[in-house]
Ligand SMILES: Nc1ncnc2c1ncn2[C@@H]1O[C@H](COP(=O)(O)OP(=O)(O)OP(=O)(O)O)[C@@H](O)[C@H]1O
Ligand SMILES: [Mg+2]
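Residue numbers (our numbering), protein chains in the order written: chain D, 1 to 291; chain X, 1 to 353.
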């Protein structure tokens with residue numbers, strides 16, 4: 001093993017690391033610096049230092065708090081449902097079934113589609129008058145739903161689109177983990193007298209635990225940052241009912257031009273994301289007595 | 001306790017016939033060893049008995065129950081997998097206790113049993129570790145422990161001692177033998193190790209390419225093989241096979257110019273017929289008998305005895321045991337054997353009796 005000091009490839013990677021570090025540290029400091037002022041594009045050139053005012057304002061801003069809560073709700077629901085659904089699909093599909101390759105290819109379609117197309121497609125499907133969703137409901141004899149127009153429902157409609165787009169991603173990754181997992185321990189459990197659900201619960205799921213944890217982390221990070229589906233499908237409406245913190249930050253910056261406050265929101269979102277993910281990480285990958 | 005009957009079991013993977021009409025009867029409480037070269041279907045046969053992969057045709061009967069269509073869980077067998085198949089996410093103790101847990105045994109009894117098995121297999125200090133923190137031999141012992149902790153009707157061992165050092169292997173071999181003698185459970189055991197096969201088995205089944213070549217006691221396979229494959233496979237170093245030609249109206253065969261009397265055989269031999277003469281290395285060190293001259297290449301000294309590798313005047317290579325002296329490279333020595341010790345095979349490898 002060569003140590004980093006003697007490894008000649010360091011001349012290639014170290015400058016890049018330095019550049020990236022300088023860039024990100026400088027940007028972060030700049031963002032924090034601005035967020036401590038009251039820079040607004042409406043009052044250009046008249047900004048002054050306001051200390052933590054923007055941060056205090058955030059916690060007193062009901063619209064921001066509601067957006068934060070919505071982000072938490074959306075992230076939790078999207079991650080849990082996508083993981084559970086993906087895992088269920090993988091476990092119910094046989095290890096080897098006919099047309100597996102075809103199914104795997106089809107699963108890639110939603111992932112590859114751009115969010116704009118996904119969002120528009122689902123907006124058409126959810127259209128109250130001409131949409132497929134209500135047509136199916138009417139076939140089943142159920143009453144119509146105003147999918148994107150009702151403040152109580154709209155967030156869940158976006159959630160459905162997100163689940164549709166990202167559950168296949170979970171399926172693909174878990175399927176790969178399942179295929180690379182050894183089969184003999186499962187057989188050993190069967191010989192040892194385990195029922196199929198016990199084989200799954202005691203042997204298979206613990207073996208897939210790491211893969212599931214990583215997929216969950218990826219999905220959680222993506223959900224917190226979700227923007228495109230909201231932008232295309234609802235623009236935060238109706239009545240702000242689908243406005244997540246990320247989206248609210250965008251509105252503050254580009255509709256209200258209140259740059260300092262928007263950046264304060266961004267900093268808070270970043271801190272919040274990191275704390276949440278680090279907690280999640282340490283729960284999923286305990287260090288001592290690692291399972 | 002139960003007997004095991006495997007009747008006409010066949011299994012193919014695609015076009016490859018891995019088990020071809022295999023039938024074995026294992027008496028209640030007996031110890032059967034499966035022997036055969038790598039890839040001949042030993043593991044596949046054990047998996048079929050355990051109910052882990054479906055067979056194409058045939059029947060498996062354990063005790064007096066036809067288990068052919070029963071899932072593995074209901075067959076009440078314990079198995080040591082060739083790959084160990086430990087549960088990677090459980091500790092050693094949890095691994096060994098798993099079959100007890102699945103049978104709903106209470107924690108107290110289960111812990112006592114695990115402790116007893118761990119003591120037997122000398123893995124007590126490892127109980128809290130996870131499989132990936134163990135060496136190959138330690139994993140293997142955990143796998144054995146997981147089987148021994150139960151009291152099944154049938155034990156299946158797939159090369160359970162292959163990764164252990166010589167001392168531990170001898171010890172555990174004796175332990176398995178003792179266990180078998182005390183609990184008298186039916187056991188099926190796969191191994192590549194001659195000593196294990198010969199010391200443990202009541203009966204040996206020799207497989208080759210999914211077909212049974214011969215079934216018999218260790219002694220009968222050694223003394224009275226049905227074909228050249230079994231003769232060569234049982235015994236170490238393996239039997240020497242020499243080209244020979246029948247002469248004297250079927251009363252003798254000629255190996256080069258050496259005449260070997262075969263008048264004790266009941267098969268009618270035809271003069272000029274090509275045959276193969278088999279003679280074991282350990283039978284080439286007699287005081288008198290038929291003589292062969294050997295140009296010595298290498299001598300392996302094993303302490304109590306030596307094995308000499310060399311060539312006959314005809315060029316055929318021969319291995320011979322040598323108990324008294326240790327000839328060196330370049331020397332020419334005389335090997336002597338009794339004609340009664342030779343085994344004769346036809347060109348297909350079938351035994352001529
Ligand atoms: N899942 C499978 N798919 C296709 N072929 C298989 C499969 N499992 C085993 N085989 C083939 O079946 C044959 C028998 O395999 P098996 O594992 O029973 O051999 P074995 O006698 O146990 O060998 P070894 O002594 O090396 O363990 C081999 O030729 C192997 O390639
Ligand atoms: Mg095998």
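Don't be surprised by glycine CBs; every beta carbon is placed ideally from N, CA and C.
Since the model is a prediction, treat every value here as computed from it, not as a measurement.
Assuming residue i and residue j are in contact, meaning their beta carbons sit under 8 Å apart, how far apart are those beta carbons, in whole angstroms?
i	j	result
residue 71 of chain X	residue 190 of chain D	7 Å
residue 277 of chain X	residue 179 of chain X	Actually they are not in contact, since the Cβ atoms of residue 277 of chain X and residue 179 of chain X sit about 42 Å apart, beyond 8 Å.
residue 174 of chain D	residue 103 of chain D	With a Cβ gap of about 14 Å, residue 174 of chain D and residue 103 of chain D do not count as contacting.
residue 346 of chain X	residue 275 of chain X	6 Å
residue 248 of chain X	residue 296 of chain X	Their Cβ separation, rounded to whole angstroms, is 31 Å, which puts residue 248 of chain X and residue 296 of chain X out of contact at 8 Å.
residue 267 of chain X	residue 153 of chain X	Between residue 153 of chain X and residue 267 of chain X the Cβ distance is about 44 Å, and since that is not below 8 Å, they are no contact.
Short check: CB of residue i to CB of residue j, under 7 Å?
i	j	result
residue 167 of chain D	residue 249 of chain D	no
residue 294 of chain X	residue 335 of chain X	yes
residue 95 of chain X	residue 129 of chain X	no
residue 28 of chain X	residue 5 of chain X	no
residue 78 of chain X	residue 31 of chain X	no
residue 349 of chain X	residue 227 of chain X	yes
residue 2 of chain X	residue 51 of chain X	no
residue 270 of chain X	residue 262 of chain X	no
residue 21 of chain X	residue 38 of chain X	no
residue 160 of chain X	residue 80 of chain X	yes
residue 102 of chain X	residue 194 of chain D	yes
residue 280 of chain X	residue 306 of chain X	no
residue 33 of chain X	residue 201 of chain X	yes
residue 234 of chain X	residue 242 of chain X	no
residue 142 of chain D	residue 132 of chain D	no
residue 35 of chain X	residue 206 of chain X	yes
residue 151 of chain D	residue 62 of chain D	no
residue 67 of chain X	residue 75 of chain X	yes
residue 82 of chain X	residue 151 of chain X	no
residue 264 of chain D	residue 55 of chain D	yes
residue 177 of chain D	residue 208 of chain D	yes
residue 307 of chain D	residue 268 of chain D	Residue coverage of chain D in this structure runs from 1 to 291, which leaves residue 307 of chain D outside it and unanswerable.
residue 168 of chain X	residue 117 of chain X	no
residue 39 of chain D	residue 107 of chain D	no
residue 204 of chain X	residue 225 of chain X	no
residue 237 of chain X	residue 298 of chain X	no
residue 82 of chain D	residue 22 of chain D	no
residue 23 of chain X	residue 12 of chain X	no
residue 148 of chain D	residue 234 of chain D	yes
residue 273 of chain D	residue 224 of chain D	yes
Exercise. Within the chosen definition, does the region 179–193 of chain X reach the region 101–112 of chain X through at least 3 CB pairs nearer than 8 Å?
Worked result: Verdict: no, contact absent.
Exercise. Near ligand 2, which residues have their beta-carbon less than 7 Å from any of its heavy atoms, given in chain order?
Worked result: X:42, X:43, X:82, X:158, X:159 and X:190
Exercise. Which runs of the alpha helix (DSSP H), 4 residues or longer, sit entirely within the region 1–54 of chain X?
Worked result: Counting whole runs of 4 or more residues, the region 1–54 of chain X contains the alpha helix (DSSP H) stretches 42–50.
For this session: Taking 8 Å as the threshold, find out whether the region 134–149 of chain X comes into contact with the region 74–87 of chain X through three or more Cβ pairs.
Result: yes
For this session: Jot down the residue ranges of each uninterrupted beta strand (DSSP E) in the region 118–165 of chain X, minimum 3 residues, whole runs only, in chain order.
Result: Taking only runs of at least 3 residues, the beta strand (DSSP E) segments lying wholly in the region 118–165 of chain X are 154–158.
For this session: Examine the Cβ distances between the region 35–49 of chain D and the region 226–244 of chain D and report whether three or more of them are shorter than 8 Å.
Result: no
Exercise. Which runs of the alpha helix (DSSP H) fall wholly inside the region 64–93 of chain D and span at least 4 residues, in chain order?
Worked result: none
Exercise. What are the complete beta strand (DSSP E) segments, minimum 3 residues, inside the region 71–95 of chain X?
Worked result: Annotation note: the region 71–95 of chain X contains the following uninterrupted beta strand (DSSP E) runs of length 3 or greater, listed N- to C-terminal: 77–80.
For this session: Kindly confirm or deny that the region 195–209 of chain D and the region 104–115 of chain D touch, where touching means at least three C-beta pairs closer than 8 Å.
Result: no
Exercise. Is the number of C-beta pairs between the region 253–262 of chain X and the region 45–64 of chain X that are closer than 8 Å three or more?
Worked result: no
Exercise. Do the region 153–163 of chain D and the region 65–78 of chain D meet, that is, are 3 or more Cβ pairs less than 8 Å apart?
Worked result: yes
Exercise. If we count Cβ pairs, one from each stretch, closer than 8 Å, do we get three or more for the region 247–266 of chain D versus the region 218–233 of chain D?
Worked result: Segments in contact, yes.
Problem set entry | Stretch-stretch touch, CB-based, cutoff 8 Å, three pairs: the region 294–313 of chain X with the region 188–199 of chain X | no
Exercise. How about the region 12–20 of chain X and the region 251–266 of chain D: do they share at least three Cβ pairs that are nearer than 8 Å?
Worked result: The way I'd put it, the region 12–20 of chain X doesn't touch the region 251–266 of chain D; fewer than three beta-carbon pairs between them come closer than 8 Å.
Exercise. So does the region 191–210 of chain X actually touch the region 286–300 of chain X, counting three or more Cβ pairs closer than 8 Å?
Worked result: Taking a cut-off of 8 Å for Cβ pairs, the region 191–210 of chain X and the region 286–300 of chain X do not touch, as fewer than three such pairs fall below it.
For this session: Let me know the beta strand (DSSP E) ranges lying completely inside the region 173–234 of chain X, each 3 residues or longer, listed in chain order.
Result: Complete beta strand (DSSP E) runs here, min 3: 186–190, 203–208 and 211–216.
Problem set entry | Ranges of the alpha helix (DSSP H) found wholly within the region 4–33 of chain D, counting only runs of at least 4 | none
For this session: Say whether the region 210–227 of chain D touches the region 119–126 of chain X, bearing in mind that this needs 3 or more beta-carbon pairs closer than 8 Å, one atom from each stretch.
Result: no
Exercise. At what residue ranges does the region 119–192 of chain D contain a whole run of the alpha helix (DSSP H), taking only runs of 4 or more?
Worked result: 132–139, 154–180 and 184–191
Exercise. For the region 269–332 of chain X, which segments carrying the beta strand (DSSP E) assignment without a break, of at least 3 residues, lie completely within its bounds, in sequence order?
Worked result: DSSP runs (the beta strand (DSSP E)) wholly in the region 269–332 of chain X: 274–279, 290–301, 306–311 and 317–322.
Exercise. Taking the runs of the alpha helix (DSSP H) that are 4 residues or longer, which of them lie wholly in the region 242–280 of chain D?
Worked result: 245–254
For this session: Pick out the complete alpha helix (DSSP H) segments inside the region 196–247 of chain D, 4 residues or longer, and give them in chain order.
Result: 205–224 and 228–233
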